């Protein structure tokens, strides 16, 4: 019988390793090459693992309070992971992203219960391409929303829970 999990969050990181024997044989490599199938996480990305790590670290340290809003600057994958984890753990989630990012990712996060704030691109920006200037505007908006809502910032590039989740 298949294992029954209590929530989708329990499935995060339980992705299989697959032995790539034909690849090693073809290349004449001694040893073993394994592929980790991270696309089998609930949000289809390794960022699910990092999102869970960030929230678990914040819960353990007391950096986040029960029911506190979580805010993250995202282009999609981390936001999707946080939307999943926050929905299960009871944290409202706000994804802040550039209008230059994929509409589909914004819709996915909204479908998962996130509030999505789309920040206008700079005049003259190329639609579908996020420039450094566009990203600076998203960062400003993220900081403002975090302060206004008294929120916890996921801050994927500066939280140890991100990289520690991969070990």
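Numbering (my numbering), first residue to last: -13 to 153.
Each residue gets a CB set at the ideal place from its N, CA and C atoms; glycine is no exception.
From a predicted model like this one, the values you see are computed outputs, not experimental measurements.
Residue i vs residue j beta-carbon contact at 8 angstroms
i, j, result
"residue -13", "residue 33", "no"
"residue 147", "residue 43", "yes"
"residue 96", "residue 104", "no"
"residue 22", "residue 6", "no"
"residue 59", "residue 124", "yes"
"residue 158", "residue 82", "With the chain running from -13 to 153 in the structure shown, residue 158 is simply not present."
"residue 76", "residue 53", "yes"
"residue 40", "residue 126", "no"
"residue 24", "residue 10", "no"
Cβ separation of residue i and residue j, assumed to be a contact under 8 angstroms, to the nearest whole Å
i, j, result
"residue -6", "residue 74", "6 angstroms"
"residue 116", "residue 88", "So it is not a contact: roughly 10 angstroms between Cβ atoms."
Residue i to residue j span [Cα, whole Å]
i, j, result
"residue 38", "residue 140", "10 angstroms"
"residue 8", "residue 20", "11 angstroms"
"residue 28", "residue 66", "9 angstroms"
"residue 137", "residue 120", "23 angstroms"
"residue 68", "residue 109", "30 angstroms"
"residue 154", "residue 151", "Not covered by the structure: residue 154. The range shown for the chain is -13 to 153."
"residue 79", "residue -9", "23 angstroms"
"residue 49", "residue 16", "46 angstroms"
"residue 46", "residue 114", "38 angstroms"
"residue 90", "residue -2", "22 angstroms"
(message) If we require 3 or more residues per run, which beta strand (DSSP E) segments fall completely within the stretch 12 to 58?
(response) 20 to 22
(message) What ranges does the beta strand (DSSP E) occupy inside the stretch 93 to 147, keeping only unbroken runs of at least 3 residues that lie completely in it?
(response) 101 to 105
(request) List in chain order: all unbroken beta strand (DSSP E) runs of 3+ residues lying wholly within the stretch 59 to 89. (result) 79 to 84
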